[in-house]
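Here our numbering is used: the first residue of the sequence shown is 97, the next is one more, and so on. By construction, the Cβ of each residue, glycine as well, lies at the ideal position given by its N, Cα and C atoms. This one's a predicted model, so the numbers in the text were calculated from it and none came from an experiment.
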Amino acid sequence: MATIVQMGAFSSVGNRLNLHGLWNWLVFAIVATLVLLPLTFLVLGSFSTAVMPTDFISSKLGLSNYAHVWSDPDILSVVGNTLIYVIATAAISISIAVMLAWLVERTDIPGKIWIYAGVPMTLAMPGMLQAMAWVLLLSPRIGYINKFAMSTFGLEEAPFDIYTLGGMIVVEGLRLVPTAFLMLIPLLRAMDPGLEEAAGTCGASPRSSLRKITLGLLLPGIVAVTIYQSMTALEAFEVPGILGMPANIHVFATKIYAILNSVSGIPAYGKANALAMLYIGLALLATYFYYRLISRSERFTVITGKGYQPRVLHLGPWRWVAFSGVMLFLLFSIFLPFLVLLYVSFLPYLQQPSMAAINSMGFQNYLTLWRTPLMGTVLKNTGLMVLITSTLTVIVSLLVAMVVVRSKFVARSFLDQLAFLPHAIPGIVMGLAFLWVFLHGASMGLDLHGGIWAISIAFTVGFMSYGTRAMNSALLQIHKDLEDAAMTSGASRWRSMLRIVCPLLAPALVGVWIWVMLHAIRQAGKPLILYEGDENQVLAIVIWNMWDEGNITLVGAAGTLLILFLLIMTVVVRSLAWGRAASVRH
């Protein structure tokens, strides 16, 4: 009898293991399909000489698309602009972020808590709106600062021109600072000050200690963040699209968009794919170096079991100079762009600041937005897109993390790399890849092309890389003994995950959800490639189209409302996440 019971127990365990193994393979198959299927279409499409993606057949394959791309006289200019743009943008954002993080964590600068809260709040300013605001300030034709300088100093020409590669670099550099700041803060906070104190004991000055010890230990982390920022700048579309395309200054992202939106005829899908392959090559190279660097991070470990408090450097009379510098950054990155959008949102038409302009102000633009019949559909589409994208990203990221961190699945390392791969694929390229997938799906009866689900799926795949990184880190902090204890008490694996793991992961789940929401609602690249028809527009597309049509005051009204919404959501959800984290700990 005992033998029969034992055999039944072993059989039950075996069934669980088999089901668990099947589940791991199912997660792997889903992620592989989401990532590799669009990339396969992208590669094959680059060889297709057919006019439309749905006309793809083996007899219409060749190298003519690559020949056309490489023989284009503008290609060297595009490559050069892209490299300069990426390198310079990363340099500006990292330089400012390192200084801000160091001031907050290692000095006695006044208002630390406000700076720590204020810098991430600049994420509420979408890059598209930030670029539009700087056009209103520094355009040679309508820029408020240029007009003021010309009238004040009697200049015949505008002193500033935002429609340059330098203008693109500065605006994008400011936009990327908060992300780098948030990534660098933990590095400075975790560094043992005893290393700097030992340098001081040996006679090193504070400046020498900062340069040789602090920056030396931070260097691997700074390089990793720099590569990450470079990858982000490489896929940027909104700022180059607003500031570069009007002056015919193209980077890879805007060049692909221009090819797909040619006014002279049918989009050249094959040529866009061929150009995208070079784009992907650069992105994958950056990803390779990023992976190599973080895989060797243990060589630069500075946290030990010894307790310590970070050393605070007294700035003396420079405290307020440093504080003024931080306020200057916040002024240029969020306050000034927001104020100029707020100003034009109340104007009946674009005009220079004056008493006449103030007297003409009203709420007509907001009323126009409210009365626009399409706006209700746009807001519903945007809300649905955000809900689907954020929820799917959280679910997929959690499932991938459970397999990667908690299982002994034979392909878990490859699954982890697959989940991170979309970060190496620029957004405009991923949109193009999914365009091929959805067009072919429509021809086979699965019609998602041009709709909200198409945009949401493409966004989910793109954001999956961030979601899995965050979930992996959070899951590693939860000891497996908690799940084992629940399963020993008779709970199934799913029940232990829902009752034990998910409540402990609540702050990470909420954090990923809000991060995805903030980014999905502000990006225009993928939606512009994938949407079709006015009934499938989301807010970013409407703002882009209004700007393109010259409805600048309406852009000001829509942009103001969007920024305020993002600010409120950021504050509310971060508060909820902190409260939930505290309740879980207690």
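Is Trp-532 near Phe-137, with beta carbons less than 7 Å apart? yes
Helix, strand or coil: how does DSSP classify Leu-733 here? This structure cannot settle anything about residue 733, because the visible part of the chain is limited to 97 through 682.
Beta-carbon contacts of Gly-223 that lie in its chain and below 6 Å, excluding the five residues immediately before and after: Exclusion of the five residues before and after Gly-223 leaves Arg-271, Glu-334, Val-335 as the residues of its chain whose Cβ lies within less than 6 Å of its Cβ.
Quick check: the region 226-237 against the region 142-161, are there 3 or more CB pairs under 8 Å? no
If you draw a straight line from the C-alpha of Ile-171 to the C-alpha of Val-165, how long is it? 7 Å
At the level of alpha carbons, what is the spacing between Ser-393 and Leu-132? With a pLDDT of 48 at Ser-393, under the threshold of 50, the predicted position of this residue should be treated as unreliable, and no value is reported.
Cβ contact check for the region 475-491 and the region 545-554: 3 or more pairs under 8 Å: yes
Out of Ile-352, Phe-442, Gly-176, Leu-122, which has the shortest C-alpha to C-alpha gap to Gly-621? Ile-352
From the DSSP secondary-structure annotation, give me the bridge partner or partners of Gly-546. Tyr-627
For a test of the three-state rule: what should DSSP assign to Val-235, helix, strand or coil? Going by the sequence as given, residue 235 is Ser instead of Val. Coil, per DSSP.
Bridge partners of Leu-432, per DSSP? According to DSSP, Leu-432 bridges with nothing at all.
Report the three-state DSSP secondary structure of Leu-446 (helix, strand or coil). coil
DSSP-derived helix/strand/coil call for Gly-401: Confidence in Gly-401 is poor, its pLDDT being 44 and thus under 50, which makes the residue's placement too unreliable to answer from.
Using C-beta distances below 6 Å, list every residue in its chain close to Phe-370, excluding the 5 sequence neighbours before and after it, in chain order. Correcting the residue type first, residue 370 is Ala in the shown sequence and not Phe. The answer, listed in chain order, is Ser-142, Asn-161, Tyr-162, Val-165.
When the distance is taken between beta carbons, is Pro-522 closer than 7 Å to Glu-253? no
Within this structure, are the beta carbons of Leu-280 and Ala-193 separated by less than 7 Å? yes
Do the CB positions of Phe-419 and Ile-205 come within less than 7 Å of each other? Contact flag set, yes.
Quick one: is Ser-189 near chain E, going by C-beta distance under 7 Å? Reference to chain E is not applicable here, since this structure consists of a single protein chain.
Let me make sure I understand the geometry here. Which of Gly-527, Phe-256, Leu-339, Thr-487 has the alpha-carbon closest to that of Val-608? Thr-487
What is the DSSP secondary structure of Leu-157, counted as helix, strand or coil? strand
Can you check whether the CB of Leu-424 is closer than 7 Å to the CB of Thr-203? By the CB criterion at 7 Å, Thr-203 and Leu-424 fall outside the cutoff.
Judging by CA-CA distance, which residue of Ile-617, Leu-196, Ile-180 is the nearest neighbour of Thr-485? Ile-617
Could you tell me whether the Cβ atoms of Pro-274 and Thr-185 are closer together than 7 Å? no
For Ile-637 and Asp-644, the rounded distance between their alpha carbons: 10 Å
Spell out the partners DSSP gives Thr-203 in its beta bridges. Leu-409
Please report the Cβ distance between Val-174 and Phe-434, rounded to the nearest whole angstrom; I am assuming they are in contact, meaning their Cβ atoms lie under 8 Å. No, Val-174 and Phe-434 are not in contact; Cβ-Cβ is about 32 Å, not under 8 Å.
Note the first and the last residue of the continuous alpha helix (DSSP H) segment covering Val-634. Counting along the chain, Val-634 falls outside any alpha helix (DSSP H), and DSSP gives it neither H nor E.
Out of Tyr-445, Ala-379, Gly-629, state which residue places its alpha-carbon closest to the alpha-carbon of Val-474. The residue with the shortest Cα to Cα distance from Val-474 is Gly-629.
Please classify Tyr-445 as buried or exposed, where buried requires at least 16 neighbouring CB atoms within 10 angstroms. exposed
What do you get for Glu-631, buried or exposed, if any count of 16 or more other CB atoms within 10 angstroms of its CB means buried? exposed
Given 8 Å as the limit, is there contact between the region 549-564 and the region 642-658, that is, 3 or more CB pairs closer than that? no
For Ile-524 and Pro-363, what's the separation of their Cα atoms in angstroms? 15 Å
Identify the continuous alpha helix (DSSP H) that holds Lys-351 and give its terminal residues. 348-356
Residue span of the alpha helix (DSSP H) that contains Thr-464, given as start and end: 460-467
Excluding the 5 residues flanking Ala-604 on each side, which residues of the same chain have their C-beta closer than 7 Å to its C-beta? Ala-566, Met-567, Ala-570
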